[in-house]
Amino acid sequence: MSEVRAILPALRELRERIARAQSLFVLTGSGISSESGLPTFRGVGGLWRTHRVEELASPDGFARDPQLVWTWYNERRAAHRAATPSVAHRALAQLEAQHADFTLATQNVDSLHLRAGSKNVIELHGHLREARCTDCAARRPLDEPLPLAAIEHACGGRWRPDIVWFGEPLPPAAWQRAIESARRADVMLVVGTSGLVAPAASIATRYAAAAYVIEINPDPTAISTHVDVCVRGRASDVLPELVA
Ligand code: APR
Numbered sequence: 042m043s044e045v046r047a048i049l050p051a052l053r054e055l056r057e058r059i060a061r062a063q064s065l066f067v068l069t070g071s072g073i074s075s076e077s078g079l080p081t082f083r084g085v086g087g088l089w090r091t092h093r094v095e096e097l098a099s100p101d102g103f104a105r106d107p108q109l110v111w112t113w114y115n116e117r118r119a120a121h122r123a124a125t126p127s128v129a130h131r132a133l134a135q136l137e138a139q140h141a142d143f144t145l146a147t148q149n150v151d152s153l154h155l156r157a158g159s160k161n162v163i164e165l166h167g168h169l170r171e172a173r174c175t176d177c178a179a180r181r182p183l184d185e186p187l188p189l190a191a192i193e194h195a196c197g198g199r200w201r202p203d204i205v206w207f208g209e210p211l212p213p214a215a216w217q218r219a220i221e222s223a224r225r226a227d228v229m230l231v232v233g234t235s236g237l238v239a240p241a242a243s244i245a246t247r248y249a250a251a252a253y254v255i256e257i258n259p260d261p262t263a264i265s266t267h268v269d270v271c272v273r274g275r276a277s278d279v280l281p282e283l284v285a
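This is the structure in structure tokens:
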């Protein structure tokens, strides 16, 4: 907490700027959920440090070994359900309650923003609350792990996580909504993302046309040189200070 105290005066100025915002946009990544106990992807202990992304989060990996992929997503879904939203997730829900024009676009699939009470949430990379069939429009809830013996769907397709895998496009409607809101924003918060994955990261660079962009991250990222101010701190230490 000490490093945040050193910048409290600056946070007061940012808090006032956010309070005055006519249109507030927030982009989050796995860093905001690290304080709920969920691993990030590229940091120490990150999922891509301990798992092979091409085996688990790609259409080819799923075609090669659907049981391995479902074993992994069943584990992640169980971890999401066991996690609780952090003070950072809850601070963003409070900010939304204070702004009529508020959009939260997340790269996370853990549903923690929704569980924290955020309403206008765009899940750019999908979510793990349901599975969908590869061949038809059928969907099924993932309140329980998908049985590995039940991956095949009656229509001849396969149940897959409703997640955007590497090499797949983002859901067009979600992406369109996100960039329209980003273009409209006069203040944007970018919280807990390395900014390495396109096109989500471009929201904070290419589409934040009129916005004053505030990055909240303990470490420098690929977009740090493109934002207006970097607050070097953890989301749970900083975000509550930015809520009036
Ligand atoms: N508060 C704020 N930021 C944090 C915290 C914290 N407590 N802890 C870690 N971070 C930051 C790290 O410094 C890093 O910049 O969160 C970021 C996590 O980066 P990644 O692990 O790359 O995760 P993310 O940016 O969400 O990845 C984007 O990549 O693998 C795909 O689809 C996956 O949505 C994911 C996308």
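The sequence shown begins at 42 in this note's numbering and counts up by one.
Ideal Cβ positions, reconstructed from N, Cα and C, are used throughout, including at glycine.
Within the same chain, Cβ atoms closer than 7 Å to the Cβ of R56 are found at E282, L283, A285, the five residues on either side in sequence being excluded. In this structure, ligand 1 has a non-hydrogen atom nearer than 7 Å to the beta-carbon of D260. DSSP places E185 in the coil class of the three-state scheme, outside both helix and strand.
In this structure A129 touches L280 by the C-beta definition: roughly 5 Å separates them, less than 8 Å. DSSP places L109 in the uninterrupted alpha helix (DSSP H) bounded by 107 to 123.
In this structure, A276 has its beta carbon less than 7 Å from a heavy atom of ligand 1. By the Cβ neighbour-count rule, G167 is buried, with 16 or more other Cβ atoms within 10 Å of its own.
The beta carbon of E76 sits closer than 7 Å to at least one heavy atom of ligand 1. Within the same chain, and ignoring the five residues on either side of C174 in sequence, the residues whose Cβ sits closer than 8 Å to its Cβ are R180, H194, C196, G198, R199, W200, R201. C-alpha of A190 to C-alpha of S222: approximately 42 Å in a straight line. Of all alpha-carbon atoms in R83, R58, A60, the one lying nearest the alpha-carbon of A263 is that of R83. Taking the CA atoms as reference points, P259 sits about 13 Å from V270.
Three or more Cβ pairs closer than 8 Å define a contact, and the region 55 to 69 meets that threshold against the region 132 to 143. In the same chain as A239, and ignoring 5 residues on each side of it, no C-beta atom comes closer than 7 Å to its own. In this structure, F66 has its CB at a distance of at least 7 Å from all heavy atoms of ligand 1.
A Cβ-Cβ separation of about 6 Å places A276 in contact with E76 under the 8 Å criterion.
Between the region 146 to 163 and the region 210 to 228 there are three or more inter-stretch CB-CB distances shorter than 8 Å, so the stretches are counted as touching. The beta-carbon distance between E171 and P188, rounded to whole angstroms, is 15 Å. This is too long to meet the 8 Å contact definition.
Within the same chain, Cβ atoms closer than 6 Å to the Cβ of V231 are found at L68, A245, E256, the five residues on either side in sequence being excluded. Taking 8 Å as the cut-off, the Cβ atoms of G158 and A134 count as close. I257: member of the beta strand (DSSP E) spanning 253 to 257, first to last residue. Annotation for P213: no beta strand (DSSP E) segment contains it, though the alpha helix (DSSP H) segment containing it runs 213 to 225. Taking every protein chain shown into account, the CB of A123 has fewer than 16 other CB atoms within 10 angstroms, so this residue is exposed. Burial state of G102 is buried, judged by a 10 Å Cβ sphere holding 16 or more other Cβ atoms. Apart from sequence neighbours up to five positions away, the residues of its chain that approach Y114 with a beta-carbon distance below 6 Å are P202, ordered along the chain.
The residue among P213, E185, R156, L169 with its C-alpha nearest the C-alpha of S127 is R156.
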